[in-house]
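A.B. asks:
2 protein chains.
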Amino acid sequence: VVNVQQVSKVYRMGEVDLQALNGVSLKILPSENVSIIGPSGSGKSTLLHLMGCLDRPTSGKIYIDGVDTSKLNSNKLAEIRRNKIGFVFQFFYLIPTLNALENVELPMMFAGVGERERRERAEELLELVNLKSRMKHRPAELSGGERQRVAIARALANNPKIVLADEPTGNLDSASGKEIIDLLKRLNEEKGVTLVIVTHDPYIASIMERTIYLKDGRIVKEERREA
Amino acid sequence: VVNVQQVSKVYRMGEVDLQALNGVSLKILPSENVSIIGPSGSGKSTLLHLMGCLDRPTSGKIYIDGVDTSKLNSNKLAEIRRNKIGFVFQFFYLIPTLNALENVELPMMFAGVGERERRERAEELLELVNLKSRMKHRPAELSGGERQRVAIARALANNPKIVLADEPTGNLDSASGKEIIDLLKRLNEEKGVTLVIVTHDPYIASIMERTIYLKDGRIVKEERREA
Ligand SMILES: Nc1ncnc2c1ncn2[C@@H]1O[C@H](COP(=O)(O)OP(=O)(O)OP(=O)(O)O)[C@@H](O)[C@H]1O
Ligand SMILES: Nc1ncnc2c1ncn2[C@@H]1O[C@H](COP(=O)(O)OP(=O)(O)OP(=O)(O)O)[C@@H](O)[C@H]1O
Ligand SMILES: [Mg+2]
Ligand SMILES: [Mg+2]
Chain A
274 VVNVQQVSKV
284 YRMGEVDLQA
294 LNGVSLKILP
304 SENVSIIGPS
314 GSGKSTLLHL
324 MGCLDRPTSG
334 KIYIDGVDTS
344 KLNSNKLAEI
354 RRNKIGFVFQ
364 FFYLIPTLNA
374 LENVELPMMF
384 AGVGERERRE
394 RAEELLELVN
404 LKSRMKHRPA
414 ELSGGERQRV
424 AIARALANNP
434 KIVLADEPTG
444 NLDSASGKEI
454 IDLLKRLNEE
464 KGVTLVIVTH
474 DPYIASIMER
484 TIYLKDGRIV
494 KEERREA
Chain B
274 VVNVQQVSKV
284 YRMGEVDLQA
294 LNGVSLKILP
304 SENVSIIGPS
314 GSGKSTLLHL
324 MGCLDRPTSG
334 KIYIDGVDTS
344 KLNSNKLAEI
354 RRNKIGFVFQ
364 FFYLIPTLNA
374 LENVELPMMF
384 AGVGERERRE
394 RAEELLELVN
404 LKSRMKHRPA
414 ELSGGERQRV
424 AIARALANNP
434 KIVLADEPTG
444 NLDSASGKEI
454 IDLLKRLNEE
464 KGVTLVIVTH
474 DPYIASIMER
484 TIYLKDGRIV
494 KEERREA
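Heads up: the protein sequence lines correspond to chains A and B, in order. Count along the first sequence from 1, then add 273; that gives the number in our numbering. Count along the second sequence from 1, then add 273; that gives the number in our numbering.
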């Protein structure tokens, strides 16, 4: 479902160029579950943003469902993101002026879902992440882990085919974190949602069927776990 | 150095009141190192913000070095924060328009430190957290864990007597996280800096001499480790 071919990403900063990714190739097949693990600054978020069509590679190609994303204009890319990809950002990026419920409804509004259905599904998703009692809170009125759970519920709003999650449990205690990972794994096992999770948590890597190790912008190792 | 007496914090939200802390009492002695652990939403950040004089309790008292903070005006509180307390926020709150070096220099500017000394100390601190090669980057040009390390260097800028750190390693891989915690522990052991760390990481709790367990806004347990 995501095919990354020889992708590099260079951030141009005035006189200096910083190579965040250097010749990365990987293929994620439908319904796979994969973790990407590596030191701080190794390029995990950069790779996930490119796979989620949120940024363009400096060189190399990214195919989503066989479509070459370099040929698509920004409207087409936005359409793919909206309909196929659920993205959990490392820093959540919730809209500060909307409450939890409205933040989860937002992707459905863009997808043209009716008001009643949107509202019911948003409540259902907030219930799923144990946040129904906080659904009228705005982000500033939520704890760190609570904001993270809103961000996860929002990523699931449009029933995505693939969920790309950047450190989805960094702000959660181990019980809440395990609940979230179990929820994502259930979606993968029961509904075939493809799952790519960037994490620092070895527990998460240990329960994924495939772990990709990133270091200094390159893939240095890959492991497959027998299910 | 911090004495919390029967502190409660209620967030008033329109028609609903939310009690985040309910009758919390604790004493932190000079040069102690303490971890505060508990589920997401249990009131850890709220407690840390009150101890750091960033917010006022709804009821109860907080004494810093024996001074009753409820009697101080906001200028006096700011002075205590500037001179005595180093705060690492859960979401860093770096100034987006300043680069890493300038963010670390900022507290020293407020404290009236000269330009040359400020710059040298800021470079030293960024070297200490392994970020010297990124010191001209602005926050948007840094990875999650790199931003966190800038926030830690900034908290140490004015040689604080007490460091209050809210999940200082949540965005770091285990090697970088361990380096940061070892750095903070060294400051505690060699310079007597009092340390209060909110964390979800059981490893950090296991190396602190005292662990306070918070649940639903109350202290439910406390453990002391034999050094
Ligand atoms: N916009 C940018 N401009 C310049 N450099 C950047 C930019 N974004 C990231 N970088 C640099 O690229 C490198 C990779 O960043 P990235 O965010 O992908 O790392 P990461 O593996 O997600 O790290 P972490 O685990 O700390 O979140 C980092 O060293 C960072 O300094
Ligand atoms: N400004 C606010 N207005 C209303 N409610 C708030 C506000 N800030 C926090 N809360 C609520 O108070 C409770 C405690 O929040 P707090 O941020 O202290 O928790 P925490 O233990 O730090 O959680 P986490 O581990 O997720 O960061 C949460 O349930 C949250 O919804
Ligand atoms: Mg990252
Ligand atoms: Mg918190």
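The C-beta atom is built at its ideal place from N, Cα and C for all residues, glycine as well.
Can you find a heavy atom of ligand 5 that lies under 8 Å from the Cβ of Ser332 of chain A?
C.D. replies: Ligand 5 is not part of the structure shown, which contains ligand 1, ligand 2, ligand 3 and ligand 4 as its ligands.
A.B. asks: Tell me, to the nearest whole angstrom, how far the beta carbon of Leu367 of chain A is from that of Ala424 of chain A; I am working on the premise that it is less than 8 Å.
C.D. replies: Within the first sequence, numbered from 1, the residue matching residue 367 of chain A stands at position 94. Within the first sequence, numbered from 1, the residue matching residue 424 of chain A stands at position 151. Between Ala424 of chain A and Leu367 of chain A the Cβ distance is about 6 Å, and since that is below 8 Å, they are a contact.
A.B. asks: With DSSP as the reference, label Phe364 of chain B as helix, strand or coil.
C.D. replies: In the second sequence, the residue the question calls residue 364 of chain B occupies position 91. DSSP places Phe364 of chain B in coil when its eight states are reduced to three.
A.B. asks: Helix, strand or coil for Met286 of chain B, going by three-state DSSP, please let me know.
C.D. replies: As a working note, residue 286 of chain B is residue 13 in the second sequence. Met286 of chain B: strand per DSSP, three-state reduction.
A.B. asks: Please confirm whether Asn444 of chain B has its beta-carbon closer than 9 Å to some beta-carbon of chain A.
C.D. replies: Locating residue 444 of chain B in the second sequence gives position 171, counting from the first residue. Cβ-Cβ to chain A under 9 Å: yes for Asn444 of chain B.
A.B. asks: Hey, quick one: how far does the beta strand (DSSP E) through Val402 of chain A stretch, first residue to last?
C.D. replies: Counting from 1 along the first sequence, the entry for residue 402 of chain A is found at position 129. Looking at the DSSP string, Val402 of chain A is not in any beta strand (DSSP E), and its letter there is neither H nor E.
A.B. asks: For Lys494 of chain A, which beta-bridge partners are listed by DSSP?
C.D. replies: Locating residue 494 of chain A in the first sequence gives position 221, where the first residue counts as 1. In DSSP, Lys494 of chain A forms a bridge with A:Tyr486.
A.B. asks: In this structure, how does DSSP classify Gly417 of chain B when only helix, strand and coil are distinguished?
C.D. replies: On the second sequence, position 144 is the one that residue 417 of chain B refers to. Three-state result, Gly417 of chain B: helix.
A.B. asks: Kindly say whether Arg427 of chain A, judged by its beta-carbon, lies nearer than 9 Å to any beta-carbon of chain B.
C.D. replies: Position 154 of the first sequence, counting from 1, holds the residue named residue 427 of chain A. False, the Cβ-Cβ gap to chain B never drops below 9 Å.
A.B. asks: Between Leu291 of chain A and Val469 of chain A, how many whole angstroms is the CB-CB distance? I'm expecting something under 8 Å.
C.D. replies: Numbered from 1 along the first sequence, position 18 holds the residue referred to as residue 291 of chain A. Numbered from 1 along the first sequence, position 196 holds the residue referred to as residue 469 of chain A. That belief does not hold up - the Cβ atoms of Leu291 of chain A and Val469 of chain A are roughly 24 Å apart, past 8 Å.
A.B. asks: Around the Cβ of Ala478 of chain B, are there at least 16 other Cβ atoms within 10 angstroms (buried) or fewer (exposed)?
C.D. replies: The residue given as residue 478 of chain B occupies position 205 in the second sequence. When all chains shown are included, Ala478 of chain B counts as buried.
A.B. asks: When the Cα atoms are used, what is the spatial distance from Gly339 of chain B to Met382 of chain B?
C.D. replies: Residue numbering aside, residue 339 of chain B sits at position 66 when the second sequence is read from its first letter. Residue numbering aside, residue 382 of chain B sits at position 109 when the second sequence is read from its first letter. Computed Cα separation, rounded: 27 Å.
A.B. asks: In the region 297-378 of chain B, which residue ranges form an unbroken alpha helix (DSSP H) of at least 4 residues, counting only runs that do not cross its ends?
C.D. replies: Those alpha helix (DSSP H) runs which fall completely within the region 297-378 of chain B and span 4+ residues are 317-324, 347-357.
A.B. asks: Using a Cβ-Cβ distance cut-off of 9 Å, determine whether Ala448 of chain A contacts chain B.
C.D. replies: As a first step, residue 448 of chain A must be located in the first sequence, where it is residue number 175. Output row for Ala448 of chain A: interface = yes.
A.B. asks: Could you please tell me which residues of the region 297-312 of chain B, in chain order, have their CB closer than 9 Å to any CB of chain A?
C.D. replies: For the region 297-312 of chain B, which is checked against every Cβ of chain A, the residues closer than 9 Å are Ile310, Gly311, Pro312.
A.B. asks: List, in order along the chain, the chain A residues whose C-beta lies closer than 7 Å to that of Glu419 of chain B?
C.D. replies: Locating residue 419 of chain B in the second sequence gives position 146, counting from the first residue. Within chain A, the residues near Glu419 of chain B are Ser313, Gly314.
A.B. asks: Taking the alpha-carbon positions, what's the Arg354 of chain A to Gly443 of chain A distance?
C.D. replies: Start at 1 with the first residue of the first sequence, and residue 354 of chain A comes out as number 81. Start at 1 with the first residue of the first sequence, and residue 443 of chain A comes out as number 170. About 24 Å.
A.B. asks: Please report the distance separating the alpha-carbon of Val280 of chain A from that of Pro330 of chain A.
C.D. replies: For this step, residue 280 of chain A is matched to residue 7 along the first sequence. For this step, residue 330 of chain A is matched to residue 57 along the first sequence. C-alpha separation (whole angstroms): 6 Å.
A.B. asks: With a threshold of 8 Å (Cβ to nearest heavy atom), would Pro312 of chain A be considered close to ligand 2?
C.D. replies: Here residue 312 of chain A corresponds to residue number 39 of the first sequence, with the count starting at 1. No - ligand 2 has no heavy atom lying nearer than 8 Å to the Cβ of Pro312 of chain A.
A.B. asks: If you reduce the DSSP assignment to three classes, tell me which class Asn461 of chain B lands in.
C.D. replies: Here residue 461 of chain B refers to the residue found at position 188 when the second sequence is read from its first residue. Here Asn461 of chain B sits in helix by DSSP.
A.B. asks: Under 8 Å: does the beta carbon of Asn444 of chain A sit that close to some heavy atom of ligand 2?
C.D. replies: Residue mapping note: residue 444 of chain A aligns to position 171 of the first sequence, counting from 1. Yes.
A.B. asks: Can you pull the chain B residues whose beta carbon is under 9 Å from the beta carbon of His322 of chain A, in chain order?
C.D. replies: The residue labelled residue 322 of chain A in the question sits at position 49 within the first sequence. Per Cβ cutoff of 9 Å: no residues; His322 of chain A is ~11 Å from chain B at best.
A.B. asks: Strictly by DSSP, which residues pair up with Thr472 of chain A?
C.D. replies: Residue 472 of chain A sits at position 199 when you count from the first residue of the first sequence. The partner list for Thr472 of chain A (beta bridge, DSSP) reads A:Ile310.
A.B. asks: Tell me whether the beta-carbon of Val436 of chain B lies closer than 9 Å to the beta-carbon of Ile358 of chain B.
C.D. replies: Numbered from 1 along the second sequence, position 163 holds the residue referred to as residue 436 of chain B. Numbered from 1 along the second sequence, position 85 holds the residue referred to as residue 358 of chain B. In this structure, Ile358 of chain B lies closer than 9 Å to Val436 of chain B by Cβ.
A.B. asks: For ligand 4, is there any heavy atom lying closer than 8 Å to the beta carbon of Gln363 of chain B?
C.D. replies: Taking the second sequence and counting its residues from 1, one reaches residue 363 of chain B at position 90. Correct: Gln363 of chain B has its Cβ closer than 8 Å to ligand 4.
A.B. asks: Pick out whichever of B:Lys405, B:Pro412, B:Leu398, B:Leu404 has its Cα sitting closest to the Cα of Leu460 of chain B.
C.D. replies: Stepping through the second sequence from its first residue, residue 460 of chain B is reached at position 187. Here the closest residue by C-alpha is B:Leu398.
A.B. asks: On a CA-only basis, which of B:Lys488, B:Leu415, B:Arg498, B:Asp439 is nearest Ala293 of chain B? Give me that one, please.
C.D. replies: Position 20 of the second sequence holds residue 293 of chain B. Nearest C-alpha to Ala293 of chain B: B:Lys488.
A.B. asks: Let me know the secondary structure DSSP gives Val274 of chain A once reduced to three states.
C.D. replies: Residue 274 of chain A sits at position 1 when you count from the first residue of the first sequence. Correct three-state label for Val274 of chain A: coil.
A.B. asks: What does a CB cutoff of less than 6 Å around Arg392 of chain B pick up in its chain, not counting 5 residues either side in sequence?
C.D. replies: For the purposes of this step, residue 392 of chain B is identified with residue 119 of the second sequence, where counting begins at 1. If we look at Arg392 of chain B and ignore the five residues flanking it on each side, it has no Cβ neighbours.
A.B. asks: What does Ser416 of chain B touch in chain A if you count any residue whose Cβ is under 9 Å from its own?
C.D. replies: In the second sequence, counting from the first residue as 1, residue 416 of chain B sits at position 143. What Ser416 of chain B touches in chain A: Ala293, Ser313, Gly314, Ser315, Gly316, Lys317, Ser318, Thr319, Gln363.
A.B. asks: Work out the CA separation of Lys464 of chain A and Leu374 of chain A for me, nearest whole Å.
C.D. replies: Taking the first sequence and counting its residues from 1, the one referred to as residue 374 of chain A is at position 101. Taking the first sequence and counting its residues from 1, the one referred to as residue 464 of chain A is at position 191. Approximately 24 Å, taken between the alpha carbons.
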